[in-house]
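Residue 367 in the numbering used here is what sits at position 356 of the sequence shown, and the numbering runs on without skipping anything.
Glycine is no exception: its CB is placed at the ideal position from the N, C-alpha and C atoms.
Here the structure is a predicted model, which is why all the values come from computation and not from measurement.
One structure is given here, and the rest of the page talks about it.
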Amino acid sequence: MFIPQMFRGPRQQGNDGWRWVSAVGGSNTASGIHITPEKALAISAVRACVTLLAESVAQLPCELYRREGEGRVKATDHPLYDIIHNQPNQKDTSFEYYEQSMGCLGLRGNNYALKEYDSDGYIKELIPLNPDKVQVLKGPDGLPYYYLVDINETLPARLIHHIKGFSLDGYIGVSPIQTNPDVFGLSLATEQHAGNVFANGTTLSGVIERPHDVKAIDSQEKVDAILSKFKERHSGLRNAFSVAMLQEGMSYKQLSMDNEKAQLLESRGFGIAEVCRLYKIPLHMVQMTEKTTSWGSGIESMSLGYVIYSLLPWLKRIEAAQTRDLLLPSERGQYYIEFNVQGLLRGDQKSRYESYAIGRNWGWLSVNDIRRLENMTPISGGETYLTPLNMVPSNSMQQHMNATPEQMQQIEAILCK
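This is the structure we're talking about:
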């Protein structure tokens, strides 16, 4: 098969220059909660951020291009095109594969896939691996090797497609859950505390008060009867704005939320903001709209900010890792891999049409260029580019301004009339 026997079994630190550079497990936090990626995913803000990035990457078409002169074309005839664009393996669609890949990067900082080759030496499948079941070693040659826990095998880098997030050592990536476990531990502790408060605490909407000089009601049954009748007549949607009459000097006092519960809600909101800050996700994209964004007021400006500052760095990491692991060194000068983000950068219809009109009138867009951007088929004669008649090169204008002697005589004759 593809597994050489020389790599069988785990290598130990200090043995022939081999060294572990990764390990599995969670992190202890100051709040006393042991944080793992699975526990962190139970926090609503973490799930929202991770799934937003994963689905954003998965919905973008991944293309393999071939350079041709000054332009480019889709390299649909290359065996790798179908792998990265349509179906990476027999089980997963491209959407499922990239969604899982980005999910692993967001939660664990690394994504691994096993490369299966055909008889001609081309990649025919990319098989996802559980990051918790892969451990990275630094070999004597300084290159990474990958120990697969389930099968007790160590594989060289040429058999593994590895995408890593922000890295401290250049061998493995680290996720926000690993670098900032206290943020997630505190957020999870706040959620648990809030659940205990509302489960075990006493929360009243109001109380009925009686004067001190009035004789106390002599039985609990009468007290319960008064409260039950009051609740029956004045609670619920149908009894909203009804009028109540209290006797024996009684008065109704409505209670508001106490400061402790109000601060608890503020703490939960602060935890959401901290998680979004670590993943560089604007708050409005996780349905937290109480605070405004500084990326502009329109949906186009906010979406553009998310694509540039949050999504694009991840796409560049994935593209670079695919170029390194999936293309031969001899192919990299001619082929390159790129995610098409044009769909996420499109504005509203009016703004698009106005920009198309500018590009068309000033000569850098043709009719078919515009139709391609709108996912429309080209038309005959649509490759013509316009040139503004009132714009000519400055040296050409100078030549037109130098009149001949005959033209000067005609000008003087006109002026002397």
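Would you decide whether residue i is buried or exposed? Buried here means 16 or more other CB atoms lie within 10 Å of its CB.
i: residue 42; result: buried
i: residue 146; result: buried
i: residue 116; result: buried
i: residue 179; result: exposed
i: residue 59; result: buried
i: residue 292; result: buried
i: residue 281; result: exposed
i: residue 296; result: buried
i: residue 81; result: exposed
i: residue 416; result: exposed
i: residue 283; result: buried
i: residue 130; result: exposed
i: residue 128; result: exposed
i: residue 201; result: buried
i: residue 86; result: buried
i: residue 181; result: exposed
i: residue 346; result: buried
i: residue 327; result: exposed
i: residue 228; result: exposed
i: residue 151; result: exposed
In terms of DSSP beta bridges, what is residue i paired with?
i: residue 77; result: 84 and 346
i: residue 126; result: 137
i: residue 219; result: 263
i: residue 174; result: 122
i: residue 146; result: 158
i: residue 39; result: 45
i: residue 383; result: According to DSSP, which records beta bridges pairwise, residue 383 is partnered with nothing at all.
i: residue 30; result: 149
i: residue 184; result: 178
Between which two residues does the alpha helix (DSSP H) containing residue i stretch?
i: residue 107; result: 105–119
i: residue 50; result: 48–52
i: residue 334; result: 323–337
i: residue 367; result: 360–372
i: residue 63; result: 55–69
i: residue 90; result: 90–96
i: residue 189; result: 187–190
What span of residues does the beta strand (DSSP E) with residue i cover, start to end?
i: residue 291; result: Premise fails: residue 291 is in no beta strand (DSSP E) and is neither H nor E.
Please report how far the alpha carbon of residue i lies from the alpha carbon of residue j, in whole angstroms.
i: residue 273; j: residue 135; result: Its pLDDT being 47, under 50, residue 273 is placed unreliably in this model, and the coordinates cannot settle the point.
i: residue 339; j: residue 166; result: 19 Å
i: residue 198; j: residue 230; result: 46 Å
i: residue 270; j: residue 52; result: Low confidence applies here, because residue 270 scores a pLDDT of 46, under 50, leaving its location unreliable; read the following figure in that light. Distance between the alpha carbons of residue 270 and residue 52 is about 29 Å.
i: residue 242; j: residue 232; result: 15 Å
i: residue 424; j: residue 418; result: 10 Å
i: residue 264; j: residue 239; result: 17 Å
i: residue 395; j: residue 363; result: 20 Å
i: residue 261; j: residue 220; result: 5 Å
i: residue 375; j: residue 391; result: 18 Å
i: residue 191; j: residue 169; result: 32 Å
i: residue 124; j: residue 137; result: 6 Å
i: residue 111; j: residue 389; result: 36 Å
i: residue 163; j: residue 285; result: 39 Å
i: residue 109; j: residue 330; result: 12 Å
i: residue 84; j: residue 77; result: 5 Å
i: residue 153; j: residue 144; result: 22 Å
i: residue 222; j: residue 234; result: 15 Å
i: residue 54; j: residue 140; result: 25 Å
i: residue 32; j: residue 126; result: 22 Å
i: residue 50; j: residue 315; result: 31 Å
- the stretch 95–111 / the stretch 63–82 touching (three or more Cβ pairs under 8 Å): yes
- Query: Is it true that the stretch 169–178 meets the stretch 324–344, where meeting means three or more beta-carbon pairs spaced less than 8 Å apart?
  - Reply: yes
- Touching or not, the stretch 110–122 and the stretch 184–196, by the rule of three or more beta carbon pairs under 8 Å? yes
- Task: Count the C-beta pairs between the stretch 371–379 and the stretch 346–357 that are closer than 8 Å, then say yes if the count reaches three, no if not.
- Result: no
- Item | Stretch pair the stretch 62–69 + the stretch 308–327: three plus CB contacts closer than 8 Å | yes
- Stretch pair the stretch 82–95 + the stretch 150–163: three plus CB contacts closer than 8 Å: no
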